[in-house]
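Read through the structure below, which is laid out as structure tokens, and then see the notes.
2 protein chains.
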Amino acid sequence: MYLTQGLKRARQFRGNGRAVIFGERSRTWNEVVDRIARLAGLFRSLGLADGDRVAMLAHSSDRYLEFYYAPLWAGGVMVPLNTRLAVPETVALLEDCTPAILLVDDAFRDQVPDILRGAPCVRHVIWAGEGPAPEGMIDYEAAIAATAPIEDRLRGGNDLACLFYTGGTTGRSKGVMLSHDNLSANSMNAFANMGFNEDTVHLHSGPLFHLAAGSRVYTVTLCAGTHVIIPRFTPEAFLEAIQRHRVNAAVIVPTMATMILALPNLKDYDLSSIESFSYGAAPMPEALVLRVMELLPHARLLQSYGMTELSPVCSTLPHRYHATTGPRAGKLNSAGRATYSAEMRIVDAEDRELPPGEIGEIVVRGPMVMLGYWNQPEQTAEALRGGWMHTGDAGYMDEEGFVFLVDRVKDMIITGGENVYSTEVENAIYKHPSVRECAVIGIPDERWGEAVHAIVVPRAGCEIAPEEVIEHCRTLIAGYKCPRSVEVRSEPLPLSPANKIHKVVLREPYWKGRARRVN
Amino acid sequence: MYLTQGLKRARQFRGNGRAVIFGERSRTWNEVVDRIARLAGLFRSLGLADGDRVAMLAHSSDRYLEFYYAPLWAGGVMVPLNTRLAVPETVALLEDCTPAILLVDDAFRDQVPDILRGAPCVRHVIWAGEGPAPEGMIDYEAAIAATAPIEDRLRGGNDLACLFYTGGTTGRSKGVMLSHDNLSANSMNAFANMGFNEDTVHLHSGPLFHLAAGSRVYTVTLCAGTHVIIPRFTPEAFLEAIQRHRVNAAVIVPTMATMILALPNLKDYDLSSIESFSYGAAPMPEALVLRVMELLPHARLLQSYGMTELSPVCSTLPHRYHATTGPRAGKLNSAGRATYSAEMRIVDAEDRELPPGEIGEIVVRGPMVMLGYWNQPEQTAEALRGGWMHTGDAGYMDEEGFVFLVDRVKDMIITGGENVYSTEVENAIYKHPSVRECAVIGIPDERWGEAVHAIVVPRAGCEIAPEEVIEHCRTLIAGYKCPRSVEVRSEPLPLSPANKIHKVVLREPYWKGRARRVN
Numbered sequence: 004m005y006l007t008q009g010l011k012r013a014r015q016f017r018g019n020g021r022a023v024i025f026g027e028r029s030r031t032w033n034e035v036v037d038r039i040a041r042l043a044g045l046f047r048s049l050g051l052a053d054g055d056r057v058a059m060l061a062h063s064s065d066r067y068l069e070f071y072y073a074p075l076w077a078g079g080v081m082v083p084l085n086t087r088l089a090v091p092e093t094v095a096l097l098e099d100c101t102p103a104i105l106l107v108d109d110a111f112r113d114q115v116p117d118i119l120r121g122a123p124c125v126r127h128v129i130w131a132g133e134g135p136a137p138e139g140m141i142d143y144e145a146a147i148a149a150t151a152p153i154e155d156r157l158r159g160g161n162d163l164a165c166l167f168y169t170g171g172t173t174g175r176s177k178g179v180m181l182s183h184d185n186l187s188a189n190s191m192n193a194f195a196n197m198g199f200n201e202d203t204v205h206l207h208s209g210p211l212f213h214l215a216a217g218s219r220v221y222t223v224t225l226c227a228g229t230h231v232i233i234p235r236f237t238p239e240a241f242l243e244a245i246q247r248h249r250v251n252a253a254v255i256v257p258t259m260a261t262m263i264l265a266l267p268n269l270k271d272y273d274l275s276s277i278e279s280f281s282y283g284a285a286p287m288p289e290a291l292v293l294r295v296m297e298l299l300p301h302a303r304l305l306q307s308y309g310m311t312e313l314s315p316v317c318s319t320l321p322h323r324y325h326a327t328t329g330p331r332a333g334k335l336n337s338a339g340r341a342t343y344s345a346e347m348r349i350v351d352a353e354d355r356e357l358p359p360g361e362i363g364e365i366v367v368r369g370p371m372v373m374l375g376y377w378n379q380p381e382q383t384a385e386a387l388r389g390g391w392m393h394t395g396d397a398g399y400m401d402e403e404g405f406v407f408l409v410d411r412v413k414d415m416i417i418t419g420g421e422n423v424y425s426t427e428v429e430n431a432i433y434k435h436p437s438v439r440e441c442a443v444i445g446i447p448d449e450r451w452g453e454a455v456h457a458i459v460v461p462r463a464g465c466e467i468a469p470e471e472v473i474e475h476c477r478t479l480i481a482g483y484k485c486p487r488s489v490e491v492r493s494e495p496l497p498l499s500p501a502n503k504i505h506k507v508v509l510r511e512p513y514w515k516g517r518a519r520r521v522n
Numbered sequence: 004m005y006l007t008q009g010l011k012r013a014r015q016f017r018g019n020g021r022a023v024i025f026g027e028r029s030r031t032w033n034e035v036v037d038r039i040a041r042l043a044g045l046f047r048s049l050g051l052a053d054g055d056r057v058a059m060l061a062h063s064s065d066r067y068l069e070f071y072y073a074p075l076w077a078g079g080v081m082v083p084l085n086t087r088l089a090v091p092e093t094v095a096l097l098e099d100c101t102p103a104i105l106l107v108d109d110a111f112r113d114q115v116p117d118i119l120r121g122a123p124c125v126r127h128v129i130w131a132g133e134g135p136a137p138e139g140m141i142d143y144e145a146a147i148a149a150t151a152p153i154e155d156r157l158r159g160g161n162d163l164a165c166l167f168y169t170g171g172t173t174g175r176s177k178g179v180m181l182s183h184d185n186l187s188a189n190s191m192n193a194f195a196n197m198g199f200n201e202d203t204v205h206l207h208s209g210p211l212f213h214l215a216a217g218s219r220v221y222t223v224t225l226c227a228g229t230h231v232i233i234p235r236f237t238p239e240a241f242l243e244a245i246q247r248h249r250v251n252a253a254v255i256v257p258t259m260a261t262m263i264l265a266l267p268n269l270k271d272y273d274l275s276s277i278e279s280f281s282y283g284a285a286p287m288p289e290a291l292v293l294r295v296m297e298l299l300p301h302a303r304l305l306q307s308y309g310m311t312e313l314s315p316v317c318s319t320l321p322h323r324y325h326a327t328t329g330p331r332a333g334k335l336n337s338a339g340r341a342t343y344s345a346e347m348r349i350v351d352a353e354d355r356e357l358p359p360g361e362i363g364e365i366v367v368r369g370p371m372v373m374l375g376y377w378n379q380p381e382q383t384a385e386a387l388r389g390g391w392m393h394t395g396d397a398g399y400m401d402e403e404g405f406v407f408l409v410d411r412v413k414d415m416i417i418t419g420g421e422n423v424y425s426t427e428v429e430n431a432i433y434k435h436p437s438v439r440e441c442a443v444i445g446i447p448d449e450r451w452g453e454a455v456h457a458i459v460v461p462r463a464g465c466e467i468a469p470e471e472v473i474e475h476c477r478t479l480i481a482g483y484k485c486p487r488s489v490e491v492r493s494e495p496l497p498l499s500p501a502n503k504i505h506k507v508v509l510r511e512p513y514w515k516g517r518a519r520r521v522n
């Protein structure tokens with residue numbers, strides 16, 4: 004498949020139907036496809052050749068939707084940039100994938116001079132913001148009005164379509180290379196799970212630089228539906244868009260759900276149009292899922308698990324398993340099962356398949372597995388060894404193929420030949436009433452290879468002795484899993500950019516000058 | 004994708020769940036996958052190498068299901084043979100694709116000596132029938148019990164998976180080469196349309212040598228569902244299987260629907276389990292569709308249009324367009340719209356896209372388009388010219404992308420530069436009360452290139468003059484479409500093996516020694 008074919012099918016089905024709604028602007032499929040073919044013509048006239056990258060640094064908008072397609076239509080590759088990065092980080096990504104063309108909007112206008120100084124590969128900046136273009140930039144609207152539409156270059160199949168940068172919390176960011184077939188496979192699985200069609204009116208509320216939101220752009224076009232886009236998530240904007248445009252499908256992540264459910268006037272919004280609601284990107288506590296189900300009793304829920312390298316979904320928990328009683332209960336805390344075209348396995352450190360119930364690394368095979376990491380052949384070979392994507396997540400599978408996540412593999416501690424999952428130890432420590440925060444890491448140990456080490460922050464006004472933590476753990480988990488050493492700190496633990504406890508920083512003083520098995 | 008991955012996913016989800024029900028036999032997914040891995044081992048032990056063909060000549064059965072996978076698991080290619088052919092025709096197919104291994108059942112036992120004489124490529128015959136193997140044949144059950152299971156050879160993607168022979172009414176049969184990706188694409192579209200999952204219990208009632216039934220074998224495995232197989236269609240066997248096994252999905256063709264609806268005790272069967280019902284393979288009159296809807300008010304209907312070369316579906320009419328009133332009415336006589344991963348166009352004789360409403364040839368692009376015809380590179384190049392599968396069907400598209408079939412392109416007559424569709428003329432002639440049967444063909448004409456010629460059989464006791472037919476047509480259709488000559492016959496018109504009027508035979512005396520544009 005090639006991703007641009009969805010545009011032609013949507014135009015054939017609903018040429019005069021609404022393709023996109025953004026604020027007060029709305030365009031038909033005839034208009035959007037014409038604009039994409041013109042924007043692609045602009046890219047070619049600026050020198051873009053097949054396989055060249057085009058980047059965008061902007062908040063979500065109707066122009067961002069066009070950016071999802073125009074580089075592909077022109078034969079190139081689409082690179083959406085994280086809007087939360089500092090300029091030096093953005094520059095590093097641009098220097099990595101060397102696009103000659105960069106699109107920016109109002110929010111990033113002031114960064115442009117520094118970006119151009121740092122990344123001289125960028126030779127053309129297109130103003131995709133509102134109002135006239137600042138000096139030195141190409142005006143998006145004026146340029147596409149003045150450029151003739153070109154024919155689709157028809158790149159597809161295994162051709163590179165997009166680079167989505169991930170990570171960066173540990174070491175260099177990785178540009179995940181996704182092909183036309185990768186992203187099409189993801190969309191076909193979404194259809195199989197959700198039955199989207201030309202009546203689908205989908206709200207994109209997450210940032211379009213992230214694949215959790217972005218993959219649905221391709222999906223909604225491929226089903227000839229309607230895109231509703233809000234520039235940035237707020238619970239009010241989310242609910243207003245649903246009510247105003249009779250949105251029937253959306254994706255949320257747990258923090259969004261929490262914010263929505265906390266709104267005092269939640270009941271004032273008419274959410275009756277919602278038919279399907281997907282959630283994922285981070286584990287969603289069961290209580291939160293149940294509250295969403297209560298809010299939207301008429302909606303089908305779908306939990307998705309995956310990662311950018313998997314385009315992004317590899318497993319799903321369909322609505323029929325959102326049950327707390329009956330034969331389908333007990334799966335709500337799982338990450339679901341392999342989606343239609345995916346294969347999932349749990350393997351040990353030597354990539355041998357493990358039987359149900361045993362914890363190991365989750366690996367995935369199928370048409371949604373990325374082509375690799377841009378310019379990082381060694382990391383690619385490591386991640387895709389044996390033809391399987393190694394997720395870095397540890398988990399187990401039950402007898403019916405449901406996968407339960409346990410931990411990140413790199414947070415697993417191997418002590419005396421036994422695997423200890425840090426979350427299991429942390430869960431035990433958190434049960435102590437005096438503990439406010441804790442983290443469990445592996446530290447070098449002459450005898451055991453690694454030893455279980457806990458760092459604990461007591462609650463305000465409480466005190467806790469290291470021995471007390473260890474004794475407490477002994478009443479809850481096996482002896483070999485209990486911390487061999489405990490450090491009590493008064494200051495809060497360091498956080499990563501994703502607001503998780505930053506274990507890399509915690510581990511560092513212990514491992515300085517030594518190589519740790521996984522990082 | 005590779006088609007065998009569905010087996011592993013089904014085993015992971017429902018290892019002890021029922022995979023297949025055939026008469027009194029039923030097997031779990033663990034059993035079926037193990038048997039397939041053993042049968043594949045048998046094939047390899049008989050000398051099968053990657054890419055080698057294995058053929059089967061048998062009625063549908065649980066072993067036929069295993070045959071759909073074992074050649075693929077072994078790295079080979081599956082060739083199901085038409086059970087309606089005469090021995091010389093079967094021999095011709097075997098000589099075309101040269102399998103060393105042939106599976107047969109009871110119904111074809113007596114043909115084996117003649118087949119082996121005619122097709123010496125066949126070196127091993129495996130007895131897939133009931134009871135002990137006849138002399139000289141390998142016993143299926145004994146051999147797989149004695150053979151160790153092998154690892155899946157993991158052929159997939161664009162590798163050849165199957166050869167399905169089509170046509171043969173005009174000239175040599177063509178072996179349609181379908182890849183793993185072709186057939187997987189078809190299944191993914193089926194999921195998008197029908198939402199099949201591991202709860203699907205699907206009845207295969209059509210012959211498994213034909214892709215209309217066969218493609219659903221791959222689909223049901225890929226959704227981890229349950230296969231219910233009956234050896235041959237009878238309306239009673241069909242309805243009994245639904246009732247007994249609580250079947251919730253099935254495929255029918257119009258003649259099957261007619262036979263089912265004619266059963267006097269139809270109301271005695273419990274069909275409440277049916278959730279989705281697909282129909283296609285031939286145009287189904289609206290009145291018949293409405294009667295099926297009346298019989299199964301709780302079921303979702305899906306019409307599919309396609310051909311073996313399209314794996315086989317390229318367009319679908321979903322349930323929501325099965326409407327006779329309201330904004331969705333008027334589509335029931337169409338062949339639906341391009342399915343999710345398909346692109347469809349109507350083109351003229353020079354492959355230029357035609358606007359809505361204009362009649363031309365239906366062409367299709369997408370991952371479901373065959374690799375080509377086995378050993379027939381010229382026919383392949385002709386059928387796939389410009390990257391589009393040329394269906395040979397003439398039709399037009401409305402403003403919403405719905406395709407309406409008009410005729411076979413080869414039955415189109417070009418007279419004085421105008422296209423005349425024989426069905427349109429035939430429909431006009433059939434409106435004459437004295438006409439029992441008619442066929443309209445193009446015959447050579449010095450002045451017009453081709454001239455419209457009608458062959459008419461009057462009803463018993465009626466007489467009709469050629470001029471009367473022409474005059475009658477003038478009151479209904481444009482002058483250039485009216486027959487220039489009419490031949491009245493008393494004997495019935497010749498029928499093709501597919502029970503259609505055999506126009507090739509009718510045209511032959513007129514075109515002997517001349518080349519007709521299309522055939």
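Residue numbers (my numbering), protein chains in the order written: chain A, 4 to 522; chain P, 4 to 522. We treat Cβ as the ideally placed atom computed from N, Cα and C, and that holds for glycine.
Check your understanding: Is the CB-CB distance between A/Arg21 and A/Thr342 below 8 Å?
Key -> Looking up residue 21 of chain A in the first sequence gives position 18. Looking up residue 342 of chain A in the first sequence gives position 339. Taking 8 Å as the Cβ cut-off, A/Arg21 and A/Thr342 do not qualify as a contacting pair.
Check your understanding: DSSP on A/Trp76, reduced to helix/strand/coil?
Key -> The residue given as residue 76 of chain A occupies position 73 in the first sequence. A/Trp76: helix per DSSP, three-state reduction.
Exercise for review: Return the Cβ separation of A/Gly209 and A/Phe167 in integer angstroms, given the expectation that the two are a contact with Cβ distance under 8 Å.
Suggested key: Within the first sequence, numbered from 1, the residue matching residue 209 of chain A stands at position 206. Within the first sequence, numbered from 1, the residue matching residue 167 of chain A stands at position 164. With a Cβ gap of about 13 Å, A/Gly209 and A/Phe167 do not count as contacting.
Check your understanding: What does P/Arg249 reach in chain A if we use C-beta pairs closer than 9 Å?
Key -> For the purposes of this step, residue 249 of chain P is taken as residue 246 along the second sequence, with counting starting at 1. Per Cβ cutoff of 9 Å: no residues; P/Arg249 is ~16 Å from chain A at best.
Exercise for review: Would you give the residue range spanned by the beta strand (DSSP E) that A/Lys11 belongs to?
Suggested key: Here residue 11 of chain A corresponds to residue number 8 of the first sequence, with the count starting at 1. Not the beta strand (DSSP E): A/Lys11 falls in the alpha helix (DSSP H), residues Gln8 to Arg17.
Practice item. Could you check which residue in P/Leu206, P/Val80 and P/Ala386 has the C-alpha nearest to that of P/Thr7? Key: Walking along the second sequence from the start, residue 7 of chain P turns up at place 4. Minimum Cα distance to P/Thr7 is reached at P/Val80.
Review point. Under three-state DSSP, which class holds A/Lys506?
Key: Translated into positions along the first sequence, residue 506 of chain A becomes position 503. Looking at A/Lys506 - three-state DSSP - the assignment turns out to be helix.
Check your understanding: Got a sec: is the Cβ-Cβ distance from P/Lys484 to anything in chain A below 8 Å?
Key -> Working through the second sequence from its first residue, we reach residue 484 of chain P at position 481. No, because no Cβ of chain A sits closer than 8 Å to the Cβ of P/Lys484.
Review point. So what's A/Lys484 in DSSP terms, helix, strand or just coil?
Key: Within the first sequence, the letter at position 481 stands for residue 484 of chain A. Three-state DSSP puts A/Lys484 in a helix.
Exercise for review: Give the secondary structure of A/Ala164 by DSSP, where H, G and I count as helix, E and B as strand, and everything else as coil.
Suggested key: Residue 164 of chain A sits at position 161 when you count from the first residue of the first sequence. If DSSP states are grouped into helix, strand and coil, A/Ala164 belongs with the strands.
Check your understanding: So is A/Thr418 buried or exposed if we call it buried at 16+ other beta carbons inside 10 Å?
Key -> The residue given as residue 418 of chain A occupies position 415 in the first sequence. That one is buried.
Exercise for review: Following the continuous beta strand (DSSP E) through P/Tyr399, name the residue where it begins and the one where it ends.
Suggested key: Translated into positions along the second sequence, residue 399 of chain P becomes position 396. The continuous beta strand (DSSP E) containing P/Tyr399 extends over residues Met392 to Met400.
Check your understanding: Which one or two residues does DSSP pair with A/Val406 in a beta bridge?
Key -> The count along the first sequence starts at 1 and reaches residue 406 of chain A at position 403. According to DSSP, which records beta bridges pairwise, A/Val406 is partnered with A/Met400.
Check your understanding: How would you label P/Pro321, buried or exposed, when you count the other beta carbons within 10 angstroms and need 16 or more for buried?
Key -> Looking up residue 321 of chain P in the second sequence gives position 318. Buried is the call here.
Point to revise | Nearest-angstrom Cα separation, counted from A/Tyr67 out to A/Ala61 | key: If you number the first sequence from 1, residue 61 of chain A lands on position 58. If you number the first sequence from 1, residue 67 of chain A lands on position 64. Looking at the two C-alpha atoms, the distance is approximately 8 Å.
Review point. Can you give the Cα-Cα distance for A/Ser307 and P/Asp410, rounded to whole angstroms?
Key: Here residue 307 of chain A refers to the residue found at position 304 when the first sequence is read from its first residue. Here residue 410 of chain P refers to the residue found at position 407 when the second sequence is read from its first residue. When the Cα atoms are used, A/Ser307 and P/Asp410 turn out to be separated by approximately 46 Å.
Review point. Does the distance from the C-beta atom of A/Ala164 to that of A/Ser190 stay below 8 Å?
Key: The count along the first sequence starts at 1 and reaches residue 164 of chain A at position 161. The count along the first sequence starts at 1 and reaches residue 190 of chain A at position 187. At least 8 Å separates the beta-carbon of A/Ala164 from that of A/Ser190.
Review point. By the criterion of Cβ-Cβ separation under 7 Å, what are the contact partners of A/Tyr308 in chain P?
Key: Here residue 308 of chain A corresponds to residue number 305 of the first sequence, with the count starting at 1. Here the premise fails: no neighbours, minimum Cβ distance about 16 Å.
**Study point:** the region 186-206 of chain A touching the region 105-121 of chain A, judged by at least three CB pairs closer than 8 Å
**Key:** no
Review point. In chain order, what residues of the region 215-234 of chain P put their CB closer than 9 Å to some CB of chain A?
Key: Leu225, Cys226 and Ala227
Check your understanding: Straight-line CA distance for P/Val508 to A/Leu206?
Key -> For this step, residue 508 of chain P is matched to residue 505 along the second sequence. For this step, residue 206 of chain A is matched to residue 203 along the first sequence. Near 58 Å, if we compare the C-alpha coordinates of A/Leu206 and P/Val508.
Practice item. In angstroms with no decimal places, state the Cα-to-Cα distance between P/Val406 and A/Ala240. Key: The sequence position of residue 406 of chain P within the second sequence is 403, counting from 1. The sequence position of residue 240 of chain A within the first sequence is 237, counting from 1. Near 40 Å, if we compare the C-alpha coordinates of A/Ala240 and P/Val406.
Practice item. Verify the CB distance criterion: does A/Arg12 have a CB-CB separation below 8 Å to chain P? Key: Translated into the one-based positions of the first sequence, residue 12 of chain A becomes position 9. By this cut-off, A/Arg12 is an interface position.
Review point. Based on the DSSP secondary-structure assignment, which residues constitute the bridge partners of P/Ala454?
Key: On the second sequence, position 451 is the one that residue 454 of chain P refers to. DSSP lists P/Ile446 as partners of P/Ala454.
Check your understanding: Buried or exposed: which applies to A/Thr173, given that a residue is buried once 16 or more other Cβ atoms fall within 10 Å of its Cβ?
Key -> Numbered from its first residue, the first sequence carries residue 173 of chain A at position 170. Residue confidence is low: A/Thr173 scores 49 on pLDDT, short of 50, so the model does not pin down where it sits. Its coordinate-derived value is still stated next. A/Thr173 comes out exposed.
Practice item. Give me the Cβ distance between A/Val444 and A/Ser425, rounded to the nearest whole Å; I'm assuming they're in contact under 8 Å. Key: The sequence position of residue 444 of chain A within the first sequence is 441, counting from 1. The sequence position of residue 425 of chain A within the first sequence is 422, counting from 1. Sequence inspection shows Ile at residue 444 of chain A; the Val mentioned does not correspond to that position. Contact flag correct, Cβ pair sits at about 7 Å.
Exercise for review: At 4 residues or longer, and completely inside the region 52-99 of chain P: list those alpha helix (DSSP H) runs for me, N to C.
Suggested key: 65-70 and 73-76
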